[in-house]
Every structure is written in C-alpha cells, then in structure tokens.
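Take the sequence shown: its letter number 39 is residue 39 in the UniProt record's numbering, and every next letter is one higher.
Inspection log for the structure reproduced underneath, given as structure tokens.
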Amino acid sequence: MAFAVNQVAAYASKLKVFHWTAVKQILRYIAGTTDMTLTYRRQEDATPVELFSAADWANNTEDRKSISGVLLKVYGNAVSWITRRQTVVAKSSTAAEFIAASIGIEEARWVRMLMQTLMDNPLPAIQAHIDNQSTIARIVNGRSSDAQKTIDCMFFGMKDAHKRGEVDINY
Numbered sequence: 001m002a003f004a005v006n007q008v009a010a011y012a013s014k015l016k017v018f019h020w021t022a023v024k025q026i027l028r029y030i031a032g033t034t035d036m037t038l039t040y041r042r043q044e045d046a047t048p049v050e051l052f053s054a055a056d057w058a059n060n061t062e063d064r065k066s067i068s069g070v071l072l073k074v075y076g077n078a079v080s081w082i083t084r085r086q087t088v089v090a091k092s093s094t095a096a097e098f099i100a101a102s103i104g105i106e107e108a109r110w111v112r113m114l115m116q117t118l119m120d121n122p123l124p125a126i127q128a129h130i131d132n133q134s135t136i137a138r139i140v141n142g143r144s145s146d147a148q149k150t151i152d153c154m155f156f157g158m159k160d161a162h163k164r165g166e167v168d169i170n171y
C-alpha cells in the first residue's frame, strides 16, 4: 500500500482520471481491511534484526529515478518499512540496489544499536537480504566499480558494517 500511495502522491498537483481511480481503489482497500490488525509477538527463535531491501530500477519514465523498498523486522515482526524515491539516477540495477540496501542497513544498524543499549546485551549481526547478486558480491568481496561518489560512499559504509560483523549479507 505504501508504494501505491507513493506513486499516486507524485501526481497530487496534477491528478487525472487514472490517478483518481487509483486513489479510490486504495481507499476501497483500506475500507475493506479495517478489521485487520498487526499483532506483535516475540519469537524466541527469530533473528533479532532482519532486513529486506529491493529497488525498482529506473521504471519512472519522467525522471528515471528508482524506488527503494525496505522492510525491517525485529524478532520476526515488521517494525519499519520504507518506500522512497531515490535522490540520484542510478545508472544500473546494481547501483539502485546499493542505494536501497544502504537505506535499509542504516536504519537496521540504528535499531540494533538501540536494542543493544536498552538490553545491555550484544546481538548477532543483522541479517540483510538484498535482492541483487551483484550488489551482494561487491559488498562481501569489497569491490566497488561504480563511478558515482554517492554510490561509493554508500558502498564503503555497507562494506565497513559487513567487515565489523554488524551485518551479514544474504540473497
């Protein structure tokens, strides 16, 4: 739903019939799911902090900026989700996935640090699930080949977190 709202919101100032139809569909979905709730239970065997990230690479024909999607789970419960248009135009799907993973890892590291402080207990590495094999290989093997400084800064931040054992990278 967050993605659909994000897409429609981009046209709020110049809404057309197609967009209004989408808004009504979102509202019907909300009206039809008012009896649904989120229930949070600590699952002892679940990973303390788990991250899923993906990117929708360059599908917006107006500016070709990709969309980052991030889901953060704590002990198996979704606690944070992000859908955000990227601020730079990614030149490849790998670059778009780097940006999405960087957003997610930044959020997950903050949550992990907060949990460790509150629990006064070390936690295992964040389990980060990244939707691109090339991005994973570059983070794990420590190679950056993108020319953009923005991507490189994100790359080195994720690489450092992986080397320090704060994050385990998975597909």
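Even glycine gets a Cβ: it sits at the ideal position worked out from N, Cα and C.
Practice task
Please state if the CB of Ile105 and the CB of Ser68 are separated by a distance shorter than 8 Å.
Solution key: Sequence index remark: in the sequence shown, residue 68 carries index 68 (1-based). Sequence index remark: in the sequence shown, residue 105 carries index 105 (1-based). No, the pair does not count as a contact, with Cβ atoms beyond the cut-off.
Exercise for the section: Could you please give the first and the last residue of the uninterrupted alpha helix (DSSP H) stretch that includes Thr83? Expected result: The sequence position of residue 83 within the sequence shown is 83, counting from 1. Per DSSP, Thr83 lies in no alpha helix (DSSP H); the unbroken beta strand (DSSP E) holding it starts and ends at 77 to 85.
Exercise for the section: With DSSP as the reference, please indicate the residues paired to Ser68 in a beta bridge. Expected result: The sequence position of residue 68 within the sequence shown is 68, counting from 1. Its beta-bridge partners are Ala55, Arg84.
Problem - Identity of the residues DSSP links to Asn170 by a beta bridge - result: Translated into the one-based positions of the sequence shown, residue 170 becomes position 170. For Asn170, which the question treats as bridged, DSSP gives the partners His129.
Exercise for the section: Measure from the alpha carbon of Gln43 to the alpha carbon of each residue in Asp63, Phe3, Lys73, then state which is nearest. Expected result: Along the sequence shown, one-based indexing puts residue 43 at 43. When each option's Cα is compared against that of Gln43, the closest is Lys73.
Exercise for the section: Following the continuous alpha helix (DSSP H) through Glu106, name the residue where it begins and the one where it ends. Expected result: Counting from 1 along the sequence shown, the entry for residue 106 is found at position 106. Residues 93 to 119.
Problem - Cβ pair Ala108, Leu51 closer than 8 Å - result: Here residue 108 corresponds to residue number 108 of the sequence shown, with the count starting at 1. Here residue 51 corresponds to residue number 51 of the sequence shown, with the count starting at 1. Here Ala108 is near Leu51, since their CB atoms are less than 8 Å apart.
Problem - Nearest neighbour of Asn121, chosen from Thr37, Pro48, Gly32, Phe155 [CA to CA] - result: Reading the sequence shown from its first residue, position 121 is the one you call residue 121. When only C-alpha atoms are compared, the closest one is Pro48.
Exercise for the section: Taking 8 Å as the cut-off, decide whether the C-beta atoms of Ile139 and Ile169 are in contact. Expected result: By 1-based counting over the sequence shown, the position of residue 139 is 139. By 1-based counting over the sequence shown, the position of residue 169 is 169. Between Ile139 and Ile169, the C-beta gap is smaller than 8 Å, which places the two residues in contact.
Exercise for the section: Quick one: using the 10 Å Cβ neighbour count with 16 as the cut-off for buried, is Glu62 buried or exposed? Expected result: For the purposes of this step, residue 62 is identified with residue 62 of the sequence shown, where counting begins at 1. Exposed, because fewer than 16 other Cβ atoms sit within 10 Å of the Cβ of Glu62.
Problem - Among Thr87, Met119, Ala9, Asp160, the one whose alpha carbon lies nearest that of Asn141 - result: One-based indexing of the sequence shown puts residue 141 at position 141. With distances taken between Cα atoms, Asn141 lies closest to Asp160.
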